[in-house]
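Asker: Start counting the sequence shown at 0; every next residue gets the next number (numbering that gives the first Met the number 0).
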Amino acid sequence: MTTFTVDIFTSCWGIAIVLLAVAGCLANPFFRRLRWTEEESEQEKSDDKTVSDQELEKRTVPVSVLLPIHEAYEHLESHLEAFLSQDYPCYQVVAVGQKGDHAVEDVLKRLQGKYSHLYYTMIPTSSRYMSREKLQVTLGVKASAHEWIVLSSPTCLPGKEWLRGMAKHLTEENHMALGVVLLDEEAKGYWRFRHIRTLYYLLRKAQRGTALRTHMANVAFRKSDFIAGKGYQGNLQLVRGELDFLVNKYAEGVNCAVELSLQTWLVEEGLTRKTLRNRRLYLRASSKHLRHAASMKALRFFDTLLPYASLFASLGTIAYSAYQKDVPLLIFAVTALLTLFIARAVMAAKAVHRFDPSVSAWLMPFYELALFWSDLADRWHYMRSDKNDFTSHKL
């Protein structure tokens, strides 16, 4: 029978890499869970159905749904109709397009004849000193008839109960509510995984009282807060970031709710690799102007550093122990590597599959490792880019 002697060096080194693997598992946004509210009971659902339209209307808050339209695309009309067909008794839809975009204007005119609660306006083509996206939001807020505004995008598709679910948080105590937007099934698994991983970072931060920003067009806020805070003043020179700055500025020091229930999820369609990369590059340009951004960067740094440190330590130890024929150390190293891979896969799968069960669980650890290289590529593209592309040239 073969026996192995484990010396102090092997024991200390082996235990160290196993502990590093455990640390690499815990440095994980999926380990830091979101707070999920209890699902509505079947009895409560049936009770809602027995409420008369008059009673329901008394209990609901009037809402303006704001939809900035940046361009015409193939699903524009059907998506707008979904926003206009909400199971909610008192709301309007305010659409803001760009003058000269005749395809968009034709759709809006046609739908306005069908839906009396649709209002639309167009921004001028010569908005040189302010981003068009922020100007659209600003004009839409001023045109809104109600105090509560829910900002979304016509690239997103809502279910019929979306607005009813978001409206639960439009209370006297709250000043903002953040909802969920997922990518459609046509998007690559890596894109959907990355999107949900970012969701866990940002919504958990908001649940704990520090809403940093959002990458999802599903935000409810007060018109009076926006007007009193002078809209996007302070970041008008930046072309994009209309969602980020809205949350970062107006969720500061106020009650910001997070809505996670299934009926309030929106699905964004038609995204491309170029669109997603441009969003990340615009975020790099604007992140230095966001409050609390440094703490989020530090958290992401350690969430990337520790798994990579564990991976390289385990692989290096496997190579060394195989060369030295140190079987006990090899067992420690393989154990650490399997612990890192399996534990992160299980935690990621449990978290991601709450939102999107179709993302492969066993690919998730590789998706996480790919994030580091993707971020390096984004940094390289941003360094080589013309920084004037990210400003409205108000210098």
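Every residue, glycine too, gets a C-beta built ideally from N, C-alpha and C.
What is the residue span of the alpha helix (DSSP H) that THR274 lies within?
Answerer: Sequence index remark: in the sequence shown, residue 274 carries index 275 (1-based). THR274 -> alpha helix (DSSP H) spans 272 to 286.
Asker: Roughly how many angstroms separate the alpha carbons of SER285 and LYS204, rounded to a whole number?
Answerer: Position 286 of the sequence shown, counting from 1, holds the residue named residue 285. Position 205 of the sequence shown, counting from 1, holds the residue named residue 204. So the two alpha carbons sit approximately 19 Å from each other.
Asker: Taking the beta strand (DSSP E) that ASN173 belongs to, which residues open and close that run?
Answerer: The residue labelled residue 173 in the question sits at position 174 within the sequence shown. Counting along the chain, the unbroken beta strand (DSSP E) around ASN173 starts and ends at 173 to 177.
Asker: To test your reading of the DSSP string, which unbroken alpha helix (DSSP H) runs of 4 or more residues are found completely within the region 329 to 385?
Answerer: You should have 363 to 383.
Asker: How would you write the range of the alpha helix (DSSP H) that ILE122 sits in, first residue to last?
Answerer: By 1-based counting over the sequence shown, the position of residue 122 is 123. Run containing ILE122: none in the alpha helix (DSSP H); it sits in the beta strand (DSSP E), 117 to 122.
Asker: Along the alpha helix (DSSP H) that carries TYR319, what are the first and last residues, could you check?
Answerer: Within the sequence shown, numbered from 1, the residue matching residue 319 stands at position 320. Start and end: 292 to 323.
Asker: Give me the DSSP bridge partner(s) of PRO67.
Answerer: Translated into the one-based positions of the sequence shown, residue 67 becomes position 68. Note: PRO67 sits in a beta bridge opposite VAL95.
Asker: Use the C-beta contact count for PRO356: other C-beta atoms within 10 angstroms, 16 or more gives buried, fewer gives exposed.
Answerer: The count along the sequence shown starts at 1 and reaches residue 356 at position 357. PRO356 comes out exposed.
Asker: Per DSSP, which one or two residues make a beta bridge with THR390?
Answerer: Indexing the sequence shown from 1 puts residue 390 at position 391. The partner list for THR390 (beta bridge, DSSP) reads LEU237.
Asker: Going straight from the alpha carbon of LEU235 to that of SER130, what length do you get?
Answerer: In the sequence shown, counting from the first residue as 1, residue 235 sits at position 236. In the sequence shown, counting from the first residue as 1, residue 130 sits at position 131. LEU235 and SER130: Cα-Cα distance of roughly 7 Å.
Asker: Can you tell which of ALA321, VAL140, THR124, THR334 has the C-alpha that lies nearest to the C-alpha of SER223?
Answerer: As a working note, residue 223 is residue 224 in the sequence shown. SER223 has its Cα closest to that of VAL140, out of ALA321, VAL140, THR124, THR334.
Asker: Just how far apart, CA to CA, sit CYS11 and LEU18?
Answerer: Reading the sequence shown from its first residue, position 12 is the one you call residue 11. Reading the sequence shown from its first residue, position 19 is the one you call residue 18. Going from the Cα of CYS11 to the Cα of LEU18 covers about 10 Å.
Asker: Assuming the contact rule is C-beta atoms closer than 8 Å, PHE389 and TYR281 should be a hit. Round their C-beta distance to whole Å, please.
Answerer: Mapped onto the sequence shown, residue 389 falls at position 390. Mapped onto the sequence shown, residue 281 falls at position 282. Indeed they touch by this definition, with Cβ atoms about 6 Å apart.
Asker: Should ALA219 and ALA176 be called a contact, given that it needs their Cβ atoms to be closer than 8 Å?
Answerer: Against the sequence shown, residue 219 aligns to sequence position 220. Against the sequence shown, residue 176 aligns to sequence position 177. In this structure, ALA176 lies closer than 8 Å to ALA219 by Cβ.
Asker: Look at ASP86 and ARG163 and say whether their C-beta atoms are less than 8 Å apart.
Answerer: By one-based count along the sequence shown, residue 86 stands at place 87. By one-based count along the sequence shown, residue 163 stands at place 164. Cβ atoms of ASP86 and ARG163: closer than 8 Å.
Asker: I'd like to know whether the C-beta atoms of GLN91 and ALA22 end up nearer to each other than 8 Å.
Answerer: For the purposes of this step, residue 91 is taken as the residue at position 92 of the sequence shown. For the purposes of this step, residue 22 is taken as the residue at position 23 of the sequence shown. No. Outside cutoff.
Asker: In terms of alpha-carbon separation, which member of VAL60, ALA350, LEU305 lies closest to PHE371?
Answerer: Working through the sequence shown from its first residue, we reach residue 371 at position 372. Check the Cα spacing between PHE371 and each of VAL60, ALA350, LEU305: the tightest is with LEU305.
Asker: If the criterion is Cβ atoms closer than 8 Å, does the pair MET295 and TYR231 meet it?
Answerer: Residue 295 sits at position 296 when you count from the first residue of the sequence shown. Residue 231 sits at position 232 when you count from the first residue of the sequence shown. It is not a contact, given that the beta carbons lie outside the stated cut-off.
Asker: Any idea what DSSP makes of ASN254, helix, strand or coil?
Answerer: Indexing the sequence shown from 1 puts residue 254 at position 255. Correct three-state label for ASN254: strand.
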